[in-house]
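Protein chains: 4
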Amino acid sequence: MEFSDKQLQIIETAEKLFADRGFKGTSVRDIAEEAGINLAMISYYFGSKVKLMEAIFEVRIGSVHMRIESLLKDDSITPLQKINMLVDEHVERVSQKECFYKIMITEQLINKNPAVLHATRQLKIRNAELVGQIIKDGQKKGVFKKKIDVVLMLNTLVGTVWQTMMNRDYYREFNNLQSLSDQEFNTLIKRKLSIHIKKLFKDILTNEA
Amino acid sequence: MEFSDKQLQIIETAEKLFADRGFKGTSVRDIAEEAGINLAMISYYFGSKVKLMEAIFEVRIGSVHMRIESLLKDDSITPLQKINMLVDEHVERVSQKECFYKIMITEQLINKNPAVLHATRQLKIRNAELVGQIIKDGQKKGVFKKKIDVVLMLNTLVGTVWQTMMNRDYYREFNNLQSLSDQEFNTLIKRKLSIHIKKLFKDILTNEA
Amino acid sequence: MEFSDKQLQIIETAEKLFADRGFKGTSVRDIAEEAGINLAMISYYFGSKVKLMEAIFEVRIGSVHMRIESLLKDDSITPLQKINMLVDEHVERVSQKECFYKIMITEQLINKNPAVLHATRQLKIRNAELVGQIIKDGQKKGVFKKKIDVVLMLNTLVGTVWQTMMNRDYYREFNNLQSLSDQEFNTLIKRKLSIHIKKLFKDILTNEA
Amino acid sequence: MEFSDKQLQIIETAEKLFADRGFKGTSVRDIAEEAGINLAMISYYFGSKVKLMEAIFEVRIGSVHMRIESLLKDDSITPLQKINMLVDEHVERVSQKECFYKIMITEQLINKNPAVLHATRQLKIRNAELVGQIIKDGQKKGVFKKKIDVVLMLNTLVGTVWQTMMNRDYYREFNNLQSLSDQEFNTLIKRKLSIHIKKLFKDILTNEA
DNA sequence: CATGAATGAGTCTTCATTCAT
DNA sequence: AATGAATGAAGACTCATTCAT
Numbered sequence: 000m001e002f003s004d005k006q007l008q009i010i011e012t013a014e015k016l017f018a019d020r021g022f023k024g025t026s027v028r029d030i031a032e033e034a035g036i037n038l039a040m041i042s043y044y045f046g047s048k049v050k051l052m053e054a055i056f057e058v059r060i061g062s063v064h065m066r067i068e069s070l071l072k073d074d075s076i077t078p079l080q081k082i083n084m085l086v087d088e089h090v091e092r093v094s095q096k097e098c099f100y101k102i103m104i105t106e107q108l109i110n111k112n113p114a115v116l117h118a119t120r121q122l123k124i125r126n127a128e129l130v131g132q133i134i135k136d137g138q139k140k141g142v143f144k145k146k147i148d149v150v151l152m153l154n155t156l157v158g159t160v161w162q163t164m165m166n167r168d169y170y171r172e173f174n175n176l177q178s179l180s181d182q183e184f185n186t187l188i189k190r191k192l193s194i195h196i197k198k199l200f201k202d203i204l205t206n207e208a
Numbered sequence: 000m001e002f003s004d005k006q007l008q009i010i011e012t013a014e015k016l017f018a019d020r021g022f023k024g025t026s027v028r029d030i031a032e033e034a035g036i037n038l039a040m041i042s043y044y045f046g047s048k049v050k051l052m053e054a055i056f057e058v059r060i061g062s063v064h065m066r067i068e069s070l071l072k073d074d075s076i077t078p079l080q081k082i083n084m085l086v087d088e089h090v091e092r093v094s095q096k097e098c099f100y101k102i103m104i105t106e107q108l109i110n111k112n113p114a115v116l117h118a119t120r121q122l123k124i125r126n127a128e129l130v131g132q133i134i135k136d137g138q139k140k141g142v143f144k145k146k147i148d149v150v151l152m153l154n155t156l157v158g159t160v161w162q163t164m165m166n167r168d169y170y171r172e173f174n175n176l177q178s179l180s181d182q183e184f185n186t187l188i189k190r191k192l193s194i195h196i197k198k199l200f201k202d203i204l205t206n207e208a
Numbered sequence: 000m001e002f003s004d005k006q007l008q009i010i011e012t013a014e015k016l017f018a019d020r021g022f023k024g025t026s027v028r029d030i031a032e033e034a035g036i037n038l039a040m041i042s043y044y045f046g047s048k049v050k051l052m053e054a055i056f057e058v059r060i061g062s063v064h065m066r067i068e069s070l071l072k073d074d075s076i077t078p079l080q081k082i083n084m085l086v087d088e089h090v091e092r093v094s095q096k097e098c099f100y101k102i103m104i105t106e107q108l109i110n111k112n113p114a115v116l117h118a119t120r121q122l123k124i125r126n127a128e129l130v131g132q133i134i135k136d137g138q139k140k141g142v143f144k145k146k147i148d149v150v151l152m153l154n155t156l157v158g159t160v161w162q163t164m165m166n167r168d169y170y171r172e173f174n175n176l177q178s179l180s181d182q183e184f185n186t187l188i189k190r191k192l193s194i195h196i197k198k199l200f201k202d203i204l205t206n207e208a
Numbered sequence: 000m001e002f003s004d005k006q007l008q009i010i011e012t013a014e015k016l017f018a019d020r021g022f023k024g025t026s027v028r029d030i031a032e033e034a035g036i037n038l039a040m041i042s043y044y045f046g047s048k049v050k051l052m053e054a055i056f057e058v059r060i061g062s063v064h065m066r067i068e069s070l071l072k073d074d075s076i077t078p079l080q081k082i083n084m085l086v087d088e089h090v091e092r093v094s095q096k097e098c099f100y101k102i103m104i105t106e107q108l109i110n111k112n113p114a115v116l117h118a119t120r121q122l123k124i125r126n127a128e129l130v131g132q133i134i135k136d137g138q139k140k141g142v143f144k145k146k147i148d149v150v151l152m153l154n155t156l157v158g159t160v161w162q163t164m165m166n167r168d169y170y171r172e173f174n175n176l177q178s179l180s181d182q183e184f185n186t187l188i189k190r191k192l193s194i195h196i197k198k199l200f201k202d203i204l205t206n207e208a
């Protein structure tokens, strides 16, 4: 389905507000005011508040896919390099689509819109399968060890990134980084996070014992 | 503050519903009906829905503290053992207080009750400091390496456990464990999770590189 | 189900307004204002506007039953007398429960509330059966002729009464009865109507031809 | 006023929907969608929803006139035959213009559009006068009895036909006519109804007593 | 102490109509 | 002539809270 510019504008506003206040905590009036449109336009364009949420997923779900199909076929890159690229990509993606990730989480936890749950589920399964293939490939090539729990590994990736991003401020405070600009700090934390997880993954993937 | 039996009964019901449907998604009427009490009693006992939420935190926040004061002083246990005990304890705690953890997360993400945020913040800072001390101790004893990012490490712990618990069903499905009973599966996933994180932590703490 | 005084007050107000403006043409706000109660009380007491309509039927449907069980068994009254009593009763009933009859008709025509349609249907079938029995009795006794179409006969009763009551004013105007008081005119029209239908029924029931 | 083909198409669609769901129960959007035209065209062509309703009456009211002017003058037909023809005609007309009759009734009962009420009123008065003339003619010729209540007689005609048509299904069920096709049943019920009313009228008109 | 009843603000949605093109 | 977009009013309903008893 295609969305007009006006629809995309509403979707972006709604995404921001849903992320900040939750689905129930955001009224269609809030969205309309923030987007500078008449409140009735939301029903007009999307049918209902629920379907507006689904439209957000329709628009965004593609852009949060782990893009690894191409990696899979590329033999000039080692499996470990592939995994590392994937980590970088995920950190960057969460950083850039933070609003959408927040929404995904609260939808799974409490709102449970069926269409949204379905899309999220498909995404997770697909990602696990693709990563599973990279790992199998590494195992075949003898560079990864035999027993690897793909799901736990991905949970560490997703969980660590999310926990770090959501609690950015604690990290800043605990490490006395208030002097950095927001942008500098953001760059720093993404780099630290990326290195941290890559190190963990190298251990998981290659360290026998 | 002390709570009567009736109040505790309301708190438990509210905790369950808030965890399942979110704060905004749960009406005081829902809570009253589920708890089998009169609707007006909630305002009567707690003053308001918001204060009921705060009461939940008042009751539960203590029980999710990492209990490591005693560990810190105990010299018969190695620092790595302490960390491992901490991992086991956290996995167990999240598993047993799942409802409360869910509420903590959604409150941080979207509801942002100031009193709740404050309590959560204190908890996090305190935990980071305590773990930081164990690590410093290990470093002094020369068994942990020098540069360790305590916050990232804790984020990996908390993020991985949470991500795994919240997505239990994916793990079950992906690993074809549908034949296990709920209880068997629960025991299994906690063990796997614990081993997984301990391995990561051993790597973080001891592997120079 | 029992209704409190307040509920009955709301029901009566709603009945009047529904009869006058139709279900869709009456807002719950209208009802609340007319009944002098808070608008939210309607949901509080009945659940919804639709269920309020159903409550009207629950309360009224009994009082519009043709009360002929007792007539059936009474052998001191001739079948024709029974039919005549029934006509009188129906004329009186429609005159007194005019609001409710109006609602019944519009519900059947356009609103089609399933619960309401069901109740109305039961009422019609039951009435047809009871009248059918009186007629069979009369036939057995040899005072009524053999072939009588019970449904058409009842349609003439119900249709004529309804058409006359609904168009009272035409009758008044056409027969130049503006000088009568409302009450006098009402008494007159009921008598005329009753005699008119009884005459028709005597013809239907006894006139071979 | 003349209506274009497009306007007539809208009028027909609106008539069907108004008959089925009532005026308030039918949105202009419903009509536009069902008629396959743009929503704004309704206001564009008719000015408003209310005026669309009035247009329906403008188009249809003529076709439900009892066409008896010619009968009045025709001396080759007896007054009773004239009345009988009138009954047949009315039964047929209601059967064919059922939608419009439904609208007339609900407009009188609840919507009460002044223009519509006026048109309906004119129709009724005119019909009563025309029938009154036939009867007077019959009385002059000595074939009808002296005292005849024209309005009640017409109410019996209109009421019985309407009641029977609206409750066709009860008639079918009560008389076990489910085996007939819709068309067969329709023919049957019209014939039965016609005979029934003619018999009543013969009684009213000729039976002294 | 406990409760059924009541309230007013707020929810999402639908509506007939209008306007710019 | 014809239309997609827009609008403001009104719709039914839910909510947390309060009050009289």
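Residue numbers (numbering that gives the first Met the number 0), protein chains in the order written: chain A, 0 to 208; chain B, 0 to 208; chain C, 0 to 208; chain D, 0 to 208. Glycine included, each C-beta is placed from N, C-alpha and C at the ideal position. Just so we're clear, the structure is a prediction, and the values are computed from it rather than from any experiment.
Simplified DSSP state of residue i, which is helix, strand or coil
| i | result |
| --- | --- |
| Ile147/C | coil |
| Ile41/B | helix |
| Val142/D | coil |
| Asn154/A | helix |
| Met0/D | coil |
| Leu176/B | coil |
| Lys101/B | helix |
| Lys23/D | coil |
| Ser75/D | coil |
Sequence-distant residues of its chain with Cβ nearer than 6 Å to residue i (five each side left out)
| i | result |
| --- | --- |
| Gly137/C | Pro78, Phe143 |
| Phe56/A | Val115, Ala118 |
| Tyr44/B | Gln6 |
Contact belief for residue i with residue j at Cβ below 8 Å, rounded distance in angstroms
| i | j | result |
| --- | --- | --- |
| Phe2/C | Ala39/C | So it is not a contact: roughly 18 Å between Cβ atoms. |
| Asn126/D | Leu153/D | 7 Å |
| Val27/D | Lys48/D | 5 Å |
Check whether residue i and residue j have beta carbons under 8 Å apart
| i | j | result |
| --- | --- | --- |
| Met165/C | Gln121/D | no |
| Leu192/C | Val160/C | yes |
| Asp148/A | His195/B | yes |
| Val63/D | Lys96/D | yes |
| Ile109/C | Leu71/C | no |
| Lys197/C | Val93/C | no |
| Leu204/D | Thr155/C | no |
| Met65/D | Glu32/D | no |
| Thr105/D | Thr105/C | yes |
| Gly21/B | Gly21/A | yes |
| Tyr169/B | Lys123/A | yes |
Endpoints, the alpha helix (DSSP H) within which residue i is located
| i | result |
| --- | --- |
| Asn83/D | 78-95 |
| Val49/A | 48-59 |
| His64/C | First-last for His64/C: undefined, no H or E at that position. |
| Thr119/B | 113-139 |
| Asp4/D | 4-20 |
| Asn166/A | Segment: none, Asn166/A is in no alpha helix (DSSP H) and carries neither H nor E. |
| Ser193/D | 181-205 |
| Glu33/A | 27-34 |
Close Cβ partners of residue i (< 7 Å) along its chain, the five nearest in sequence each way excluded
| i | result |
| --- | --- |
| Cys98/D | Glu14, Lys15, Ala18 |
| Ile10/D | Phe2, Ala54, Ile55, Val58 |
Same chain, Cβ closer than 8 Å to residue i, neighbours up to 5 away in sequence not counted
| i | result |
| --- | --- |
| Ile67/D | Lys81, Leu85, Leu129, Val130, Ile133 |
| Asp4/D | none |
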